[in-house]
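Under this note's numbering, think of the first position of the sequence shown as 1018, with each following residue one higher.
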Amino acid sequence: MYYSKVYMDYNATTPMAPEVIQTVTEAMHEAWGNPSSSYTAGRKAKEIINKARESLAQMVGGRPQDIIFTSGGTEANNLVIHTALRHFRESRVLGQDGPGEDHKRAAGATPHFITSNVEHDSVRLPLEHLVKEHMAEATFVPVSKITGQVEVDDTIAAIRPTTCLVSIMLANNETGVIMPISELSQRIQILNQNRMALGLPRILMHTDAAQMIGKGRVDGQDLGVDYLTIVGHKFYAPRIGALYVQGPGHLICFLLCTQAAELVNKNCEDYEAHMKEVRDYLEERLEASFGKQRLHFNSRFPGAKRLCNTCNFSIRGPGLQGWMVLSHCKTLLASVGAACHSKKGDQPSSILLSCGIPYEVAQNALRLSVGRDTTKEDVDIVVEDLKQSVAQLEQNRVTQRSGVRTGN
């Protein structure tokens, strides 16, 4: 029997929007030139790059000159980290005659980074490497087990005279929880005024907005951050990244990212409302099918905002690990969490464990993330698929136990 597939892994990646795909042919015919050249194809290429920069800037509340294109989110995040290192060293040299004991400690010390314990690997791993090489120190602030959020007070308490960067994601890719970035930035801005008077390096603020863009409005000015990471393939654009900063890149990707950004600028509220409606319907259907006692929503935290499209849940029961349930699904295409951790088997998500989800519950976690085109009919198909998968696993378990008792 043929089963139509239903994709619910939009937090991992999105397909390019039809409007984006339609722009490819024109660009390949008319904008193949070097953007630094003066002939027609080159001028057209330059126009596309400038338009891309303008559209991305508008999407995140910035100016065109604030946008730097990168190969992806990982490069953008690493660029911020290494910029902060350089900023710390240069600030230390320029201000080496500053007043106060704190300044003297900072002048000869190792730069200090602050992030959370639920960050994407593109932030966590570079910082761990710098610490291992004795090039930096890092504090990984634990999220609240009540809200799933990084607490502002805990982050501020971690600041040292040598702190050069605070990097906290805007929305978590597994739980969908939205972090209090604006409040944190305001507190850091106040601290920076006092630090500058003492000759201490200014603390830079960065947020990885990969998961939030296209699911809700993002404004770098309102957030108060110095750096904001943009990832094209999370909002129906190609695999190109950008930082709230310039440089040569792949022209077609610039053009397609422009089209995708314009769609977000125009339709963001409609996208958000639709995805929230479908996600809420998904959660209602899951609850009705598996029961409130058996189902645990790992992405619901009291008082915490969350992404409009993300449902992370566990179906309690032995032998119902997330990857096992998915492997027996015939239509559902999804994941147990971040795509870069999808091959860890029975090992539960460290992010869920950090959020206070019990080990045996986190082990059974599934992350379903709906998209712009996901329908309630898709949800009905997926829930029925999950029910059949769970029923098959439970039947297999009963059969195996019966076989053991009978000696077969």
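Ideal Cβ positions, reconstructed from N, Cα and C, are used throughout, including at glycine. Values in this document were obtained by computation on a predicted structure and should not be read as measured data.
1) Since residue 1025 and residue 1254 should fall inside the 8 Å C-beta cutoff, what is the C-beta to C-beta distance between them, to a whole number of angstroms?
2) If you drop the 5 nearest sequence neighbours on each side, which residues of the same chain put their C-beta closer than 6 Å to that of residue 1373?
3) What does the Cβ neighbour count give for residue 1136, buried or exposed, with the cut at 16 atoms within 10 Å?
4) Restricting to Cα atoms, I'd like to know which of 1081, 1332, 1037 is closest to residue 1404.
5) Identify whether residue 1264 lies in helix, strand or coil by the three-state DSSP scheme.
6) In the DSSP assignment, find the alpha helix (DSSP H) that holds residue 1174 and state where it starts and stops.
7) Would DSSP call residue 1307 helix, strand or coil?
8) Below 8 Å, how does it come out for the stretch 1289-1301 and the stretch 1310-1327: are there three or more Cβ pairs, yes or no?
9) Going straight from the alpha carbon of residue 1173 to that of residue 1038, what length do you get?
10) Applying the 10 Å Cβ sphere with the 16-neighbour rule, what's the burial state of residue 1418?
11) Are the C-beta atoms of residue 1025 and some chain C residue less than 8 Å apart?
12) Do you know offhand how far residue 1225's Cα is from residue 1188's?
13) Closest to residue 1164 by CA distance: which of 1197, 1319, 1414, 1334 is it?
14) Specify whether the stretch 1212-1219 and the stretch 1227-1241 touch according to this definition: at least 3 beta carbon pairs, one from each stretch, less than 8 Å apart.
15) Using CA coordinates, which residue listed in 1210, 1250, 1343 is at the minimum distance from residue 1031?
16) Within a Cβ cutoff of 6 Å, which residues of the same chain sit near residue 1368, ignoring the five residues on either side of it in sequence?
17) Buried or exposed for residue 1415, please, with buried defined as at least 16 other CB atoms from any protein chain shown within 10 angstroms of its CB.
18) When we look at the beta-carbon of residue 1069 and count the other beta-carbons within 10 Å, is it buried (16 or more) or exposed?
19) Report, in whole angstroms, the separation of the C-beta atoms of residue 1166 and residue 1143, which I expect to be a contact under 8 Å.
20) Going by beta carbon distance, what residues of the same chain come within less than 6 Å of residue 1219, once the five residues before and after it are set aside?
21) May I have the straight-line CA-CA distance separating residue 1169 from residue 1199, to the nearest angstrom?
22) Tell whether a beta-carbon distance below 8 Å holds between residue 1402 and residue 1349.
23) Measuring CB to CB, does residue 1256 end up less than 8 Å from residue 1329?
24) Return the CA-CA distance between residue 1238 and residue 1260, expressed in angstroms with no decimal places.
A quick look at the data gives this:
1) About 20 Å separates the two Cβ atoms, so there is no contact after all.
2) Non-local beta-carbon contacts of residue 1373 in its own chain, meaning distances under 6 Å to residues more than five positions away in sequence, involve 1162 in chain order.
3) buried
4) 1332
5) Its pLDDT being 34, under 50, residue 1264 is placed unreliably by the model, and nothing is read from it.
6) 1169-1174
7) Residue 1307 sits in a helix when the DSSP states are folded into three classes.
8) yes
9) 45 Å
10) Under this definition residue 1418 is an exposed residue.
11) You won't find chain C in this structure, because it holds only one protein chain.
12) 8 Å
13) Cα-wise, what sits closest to residue 1164 is 1319.
14) Contact check between the stretch 1212-1219 and the stretch 1227-1241: fewer than three CB pairs, one atom from each, fall below 8 Å, which does not count as touching.
15) For residue 1031, the closest alpha carbon among the candidates 1210, 1250, 1343 is that of 1250.
16) 1135, 1191
17) exposed
18) With 16 or more other Cβ atoms within 10 Å, it is buried.
19) Not confirmed; about 23 Å, so no contact.
20) The answer, listed in chain order, is 1209.
21) 10 Å
22) yes
23) no
24) Rounded to whole angstroms, residue 1238 to residue 1260 spans 14 Å at the Cα level.
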